[in-house]
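Structure first, commentary second.
In this note's numbering, the protein residues as written are 147 to 585.
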């Protein structure tokens, strides 16, 4: 698909990508900022800043009396007048500021975004409210988070993705948020993507006028690479006995679940082996009719949730297999996963499996760009990752060219159990102790 696009980098380091769209008179804005949690003690401040970004503008902490300052209600009223929706999302490595608006409201949304970036307001009352909400619903790491950190630590070594957040030495203050904003909400290293029916060059000029004064960066909040490119194989096991019924943070007596997480080697999106590996991953566990689902869930009734997904970020790439089942069965599930991997690696997929996976993957790429919102988010992700904007459309062509032999080769290498790290956790009462996997 040919796209009319303006792609420039401003003097402050901000990459501005404007894509012309046709059809509905809608515009989408995505600002992607590096925002990895590279320092555990900053985790709380990073969450609070993400929650409070967009709640006001001004010149400093006491901005209510500043001419032109906006409160949370002012920002909400202005967005409503423009017909816009604003939101923020935090991923493992990015802070994404998103806006959807009718075509006529795009200039106003860009002006509002500029104000939020250049004149942020983190007011005491808003911060106190956010802190009370966080205290009322503490987000302690769940069993899956703990198991995943243990798996990644075993597979790839010590890394920010394996470190749990730590509490700051003192309560976060507005001054802390202003300091973090100055460090993290910066143009150098960020990507601003706009999809619009308007002329891309004209929109890019408007963005330059508004955001040229924005300065700072790079933030340094990017994930470092894993110490290992491929996971270290082996088995680790965590056990977590169920607590008394009604106790906070624990399962009821006799209840719980078994969790199994595995990490197999993988390659980044642009690698020639990615498309064959993608098809092998789908055959393994990428759909309800996959080999793993039929074996672990349908045949043996061990798991109620089965998946296999390709994961990747600046740290590295891996194929993540996940199963959740009845308490006390983690060891059996891990054994069945290993057997399923071995069979697929040794015998390879059937031609029919490859064609089904190809049709599924091709259909999913079309679904991923089905709406303006999904298209803008996908394009922003490609731009932030350094991929061409038409990567997904080209991927359908690459999938069509993958041969059965190439998928069999990918399965033989990437799905070899000898290359896979396996972690298990049982939230179970001790009646099932004999079924647990051991380290």
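C-beta atoms are modelled at their ideal positions from N, C-alpha and C, and glycine is treated no differently.
Contact check, residue i vs residue j, beta carbons under 8 Å
i, j, result
"residue 171", "residue 343", "yes"
"residue 156", "residue 164", "no"
"residue 566", "residue 479", "no"
"residue 239", "residue 460", "yes"
"residue 373", "residue 303", "yes"
"residue 106", "residue 268", "There is simply no residue 106 to check, as the chain begins at 147 and stops at 585 in what is shown."
"residue 160", "residue 331", "no"
"residue 409", "residue 561", "no"
"residue 244", "residue 175", "yes"
"residue 421", "residue 548", "yes"
"residue 571", "residue 338", "no"
"residue 470", "residue 381", "no"
"residue 448", "residue 475", "yes"
"residue 482", "residue 446", "yes"
"residue 376", "residue 556", "no"
"residue 341", "residue 183", "no"
"residue 252", "residue 173", "yes"
"residue 196", "residue 256", "no"
"residue 316", "residue 428", "no"
"residue 486", "residue 538", "no"
"residue 224", "residue 259", "no"
N-terminal and C-terminal residue of the alpha helix (DSSP H) that residue i is part of
i, result
"residue 587", "Residue 587 is absent from the model: the chain starts at 147 and stops at 585."
"residue 346", "346-357"
"residue 554", "550-560"
"residue 531", "518-531"
"residue 544", "537-547"
"residue 383", "First-last for residue 383: 380-385, but that is the beta strand (DSSP E), not the alpha helix (DSSP H)."
"residue 261", "252-264"
"residue 509", "497-513"
Bounding residues of the beta strand (DSSP E) (the contiguous stretch that carries residue i)
i, result
"residue 572", "567-572"
"residue 233", "231-236"
"residue 492", "Segment 476-493 is the alpha helix (DSSP H) holding residue 492; no beta strand (DSSP E) there."
"residue 411", "404-411"
"residue 152", "151-155"
"residue 466", "463-471"
Separation of residue j from residue i, as counted between CA atoms
i, j, result
"residue 208", "residue 272", "Confidence at residue 208 is low in this model, with a pLDDT of 38, below 50, so the placement of that residue should be treated as unreliable; the coordinate-derived value is given next. So the two alpha carbons sit approximately 12 Å from each other."
"residue 430", "residue 558", "12 Å"
"residue 473", "residue 385", "11 Å"
"residue 587", "residue 450", "Lying before the first or after the last residue shown, residue 587 is absent from the chain, which here runs from 147 to 585."
"residue 328", "residue 362", "7 Å"
"residue 290", "residue 333", "35 Å"
"residue 191", "residue 265", "18 Å"
"residue 523", "residue 505", "23 Å"
"residue 188", "residue 314", "7 Å"
"residue 228", "residue 535", "28 Å"
"residue 203", "residue 261", "6 Å"
"residue 581", "residue 573", "Bear in mind that a pLDDT of 38 at residue 581, under 50, signals an unreliable position, so the number given afterwards is only what the model happens to contain. Straight-line Cα distance between these residues: approximately 12 Å."
"residue 544", "residue 419", "10 Å"
"residue 489", "residue 366", "44 Å"
"residue 509", "residue 516", "11 Å"
"residue 150", "residue 512", "20 Å"
"residue 433", "residue 453", "7 Å"
"residue 249", "residue 168", "11 Å"
"residue 166", "residue 520", "15 Å"
"residue 201", "residue 219", "8 Å"
"residue 500", "residue 491", "14 Å"
"residue 364", "residue 371", "18 Å"
"residue 435", "residue 358", "52 Å"
"residue 467", "residue 455", "7 Å"
"residue 396", "residue 221", "Per-residue confidence for residue 396 stands at a pLDDT of 41, beneath the threshold of 50, marking its modelled position as unreliable; the derived number appears in the next sentence. One C-alpha to the other measures close to 41 Å."
"residue 281", "residue 287", "14 Å"
"residue 154", "residue 541", "25 Å"
"residue 349", "residue 546", "36 Å"
"residue 213", "residue 312", "At residue 213, the pLDDT of 42 sits below 50, so the modelled position is not reliable and the matter cannot be decided from this model."
"residue 383", "residue 477", "9 Å"
"residue 525", "residue 347", "18 Å"
Pick from the options that is closest to residue i, judged by C-alpha positions
i, options, result
"residue 106", "429, 311, 263", "The first residue shown for the chain is 147 and the last is 585, placing residue 106 beyond what the model contains."
"residue 553", "510, 538, 537, 497", "497"
"residue 351", "220, 528, 509, 152", "152"
"residue 326", "278, 194, 311, 306", "194"
"residue 378", "185, 563, 167, 168", "563"
"residue 335", "247, 433, 360, 312", "360"
"residue 270", "495, 468, 318", "318"
"residue 186", "494, 284, 286, 307", "307"
"residue 568", "526, 464, 368, 226", "464"
"residue 322", "542, 198, 494", "198"
"residue 530", "310, 237, 477, 493", "237"
"residue 305", "507, 462, 284", "462"
C-beta neighbour in chain C for residue i, strict 8 Å
i, result
"residue 231", "Among the protein chains of the structure shown there is no chain C, as only one such chain exists."
Query raised in the report: Which residue spans inside the stretch 157-228 form an unbroken alpha helix (DSSP H) run of at least 4?
Result: 189-198, 218-228
Query raised in the report: Could you give the uninterrupted runs of the beta strand (DSSP E) lying entirely in the stretch 279-354, keeping only those of 3 residues or more?
Result: 337-342
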